[in-house]
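For reference, the structure is listed below as structure tokens.
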């Protein structure tokens with residue numbers, strides 16, 4: 020018997036989707052497709068059989084949040100990042116990559132999905148996947164989420180010595196560790212090529228000596244950094260882009276950041292009085308600069324919270 024896994028709804032020209040038995044508004048996402056030029060193309064792009072099957076089979080996760088098991092589905096930018104990382108992992112000529120997503124965009128879910136696909140795909144020949152974090156809380160949270168997703172066995176590096184043993188013994192599967200456990204690591208601990216290192220908060224964990232120890236211990240591995248705030252230059256003279264993007268043309272160092280409305284449900288039903296632009300509002304005369312700033316903040320807060328647009332005042336009238 021088949022069970023419903025997703026539901027969708029439309030609002031004016033917006034198309035939203037979310038996982039079943041999780042009806043929170045925060046779990047309702049705005050579907051966006053780079054190829055969609057109109058509403059019909061947008062909807063058809065989501066319900067295309069190949070797309071829907073991929074979402075159902077690859078992009079639905081069960082994770083723990085505040086001790087409660089919840090169901091989640093990836094957003095469009097996460098799906099695109101997963102495809103890009105897998106494509107980079109298959110490229111024998113390139114060993115570095117950077118996923119630049121804004122804070123709160125779900126980088127952890129993206130990392131978990133990438134790790135799952137790497138381990139399940141036979142083309143990667145039973146690889147070793149390292150998920151590297153830089154805080155104890157993140158390590159414990161990540162380990163709990165991996166258990167909830169259904170990973171059969173996850174190796175948690177308990178100490179520097181334990182991590183070295185795992186790498187020297189050519190351990191396959193998934194290893195979760197903190198970047199600090201690579202401190203003073205020996206060079207060439209493992210020379211295998213099908214080792215994939217997924218680094219959370221890459222901008223602050225790989226810019227100094229710890230990053231050098233990590234990459235020296237696994238010289239032939241593929242390193243994928245995840246960050247919301249890349250650093251252009253550090254005290255060591257080597258920023259996030261140079262560390263993870265040296266193999267790519269500089270013209271490709273761009274991103275399409277996810278914005279808060281993409282992970283929110285549709286606004287309350289309102290009548291749009293004029294097109295969504297700020298020019299008419301800012302052109303309205305106000306007495307004094309402080310009054311103008313207060314009115315602008317009130318209008319901006321209203322727009323973000325309700326999506327209501329009115330012709331006269333920043334108060335909600337619809």
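Residue numbers (our numbering): 20 to 337.
Glycine residues also receive a C-beta, built at the ideal position from the N, C-alpha and C atoms.
This structure is a prediction, so every number in the text was calculated from the model and none was measured.
Cα-Cα separation between residue i and residue j, rounded to whole angstroms
{"i": "residue 130", "j": "residue 194", "result": "13 Å"}
{"i": "residue 5", "j": "residue 37", "result": "This structure cannot speak to residue 5, because the chain is shown only from 20 to 337."}
{"i": "residue 106", "j": "residue 241", "result": "12 Å"}
{"i": "residue 82", "j": "residue 157", "result": "14 Å"}
{"i": "residue 212", "j": "residue 159", "result": "28 Å"}
{"i": "residue 177", "j": "residue 243", "result": "23 Å"}
{"i": "residue 199", "j": "residue 96", "result": "30 Å"}
{"i": "residue 224", "j": "residue 25", "result": "37 Å"}
{"i": "residue 239", "j": "residue 29", "result": "47 Å"}
{"i": "residue 122", "j": "residue 110", "result": "28 Å"}
{"i": "residue 202", "j": "residue 73", "result": "40 Å"}
{"i": "residue 205", "j": "residue 186", "result": "11 Å"}
{"i": "residue 267", "j": "residue 66", "result": "34 Å"}
{"i": "residue 89", "j": "residue 112", "result": "39 Å"}
{"i": "residue 128", "j": "residue 155", "result": "18 Å"}
{"i": "residue 142", "j": "residue 100", "result": "19 Å"}
{"i": "residue 188", "j": "residue 102", "result": "30 Å"}
{"i": "residue 169", "j": "residue 79", "result": "12 Å"}
{"i": "residue 174", "j": "residue 27", "result": "38 Å"}
{"i": "residue 191", "j": "residue 145", "result": "7 Å"}
{"i": "residue 108", "j": "residue 262", "result": "17 Å"}
{"i": "residue 137", "j": "residue 117", "result": "17 Å"}
{"i": "residue 139", "j": "residue 77", "result": "11 Å"}
{"i": "residue 232", "j": "residue 207", "result": "10 Å"}
Closer than 8 Å: residue i CB and nearest the ligand MG heavy atom
{"i": "residue 31", "result": "The ligand MG is absent from the structure shown, which contains no ligands of any kind."}
Proximal residues to residue i (C-beta, below 8 Å), its chain only, five neighbours per side dropped
{"i": "residue 251", "result": "258, 259 and 260"}
{"i": "residue 283", "result": "Since pLDDT at residue 283 reaches only 37, below the 50 mark, its modelled position is unreliable, and the value read off the structure follows with that caveat. Counting only Cβ-Cβ distances below 8 Å, and skipping sequence neighbours, we find 44, 45, 47 and 49."}
{"i": "residue 274", "result": "Because residue 274 sits at a pLDDT of 41, beneath the cut-off of 50, its placement in the model cannot be relied upon, and the following sentence gives the value as read from the coordinates. Result list for residue 274: 119 and 120, in chain order."}
{"i": "residue 162", "result": "173, 175 and 195"}
{"i": "residue 153", "result": "197, 198, 199, 219, 220, 223 and 224"}
Residue environment, residue i, which counts as buried when at least 16 other CB atoms sit within 10 Å
{"i": "residue 172", "result": "exposed"}
{"i": "residue 114", "result": "buried"}
{"i": "residue 221", "result": "buried"}
{"i": "residue 40", "result": "exposed"}
{"i": "residue 164", "result": "buried"}
{"i": "residue 58", "result": "exposed"}
{"i": "residue 209", "result": "buried"}
{"i": "residue 135", "result": "buried"}
{"i": "residue 10", "result": "There is no way to answer for residue 10, as the model of the chain reaches only from 20 to 337."}
{"i": "residue 42", "result": "exposed"}
{"i": "residue 230", "result": "buried"}
{"i": "residue 236", "result": "buried"}
{"i": "residue 264", "result": "buried"}
Spatial neighbours of residue i in its chain, beta-carbon cut-off 6 Å, leaving aside the 5 residues before and after
{"i": "residue 125", "result": "97"}
{"i": "residue 248", "result": "222"}
{"i": "residue 104", "result": "133 and 243"}
{"i": "residue 34", "result": "50, 61 and 62"}
{"i": "residue 182", "result": "176, 196 and 200"}
{"i": "residue 75", "result": "24"}
{"i": "residue 179", "result": "200"}
Neighbour flag for residue i against chain D, beta carbons, 9 Å
{"i": "residue 141", "result": "Absent from the structure: chain D. Only one protein chain is present."}
Contact set for residue i: own chain, Cβ-Cβ below 7 Å, skip 5 residues either direction
{"i": "residue 167", "result": "81, 82, 83 and 88"}
{"i": "residue 32", "result": "58"}
{"i": "residue 234", "result": "242"}
Hey, is the stretch 207-222 in contact with the stretch 138-149, meaning 3+ C-beta pairs nearer than 8 Å? yes
3 or more residues per run - each beta strand (DSSP E) lying fully within the stretch 131-202: 147-152, 173-175 and 192-197
Quick check on the DSSP output: what are the complete beta strand (DSSP E) runs of length 3 or more inside the stretch 24-106, in order along the chain? 25-30, 33-38, 79-84 and 87-92
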